[in-house]
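Reviewing the structure listed below.
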Amino acid sequence: MSRGDPAFGALVQLHALVGQRDELLRVLGNYLNTLDGEPGTTLVTVAADPNDEDLVWMWEEFEDAKAVEGHLAHDFFRALQLEMADLLAAPVLLRPLAPVARRVQPGVIAE
């Protein structure tokens with residue numbers, strides 16, 4: 005998976021205000037459409053928690069530390085933070101991780 009520099013990943017927990025999860029998912033979906041402007045962001049997955057109607061999980065992967073810095077400094081990411089601010093019941097919880105392997109079934113496309 006690595007191209008020399010270690011890859012970086014993050015598991016992100018987003019706790020929406022009661023009744024705002026669908027709006028949060030919409031905002032995140034719109035954000036995913038902007039990622040072509042973040043070439044070092046290699047994977048983002050957004051998922052609604054089936055056991056908690058206010059919880060959203062994200063998994064993000066980046067090529068290297070420089071890509072993470074670019075992600076955090078990107079105008080789209082800053083705009084996302086502002087747009088999500090009124091939808092969250094708690095601060096975003098982020099768990100940095102180092103991806104070491106990934107498998108996608110043959111015939112499955114990324115989107």
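Start counting the sequence shown at 5; every next residue gets the next number (the working numbering).
Glycine included, each C-beta is placed from N, C-alpha and C at the ideal position.
Looking at the DSSP output, Pro100 shares a beta bridge with Ala14.
Within a 10 Å sphere around the beta-carbon of Val22 sit fewer than 16 other beta-carbons, which makes this residue exposed.
Taken through DSSP and simplified to helix, strand or coil, Ala93 comes out as coil.
Given a length threshold of 3 residues, the region 21-50 has no whole run of the beta strand (DSSP E) inside it.
In the three-state scheme derived from DSSP, where H, G and I count as helix and E and B as strand, Ala69 is classed as helix. Excluding five sequence positions before and after Phe81, the CB atoms of its chain that fall closer than 7 Å to its own CB belong to His75, given in chain order. For Glu57, the CB contacts under 8 Å within the same chain, skipping 5 residues up- and downstream, are Arg25 in chain order. A direct Cα-Cα distance of roughly 18 Å separates Glu73 from Met62.
Exclusion of the five residues before and after Leu28 leaves Leu18, Ala20, Val60, Met88, Leu91, Leu92 as the residues of its chain whose Cβ lies within less than 8 Å of its Cβ. Beta-bridge pairing by DSSP links Met62 to Val16, Val50. Going by DSSP, Arg106 is part of no alpha helix (DSSP H) at all; its letter is neither H nor E.
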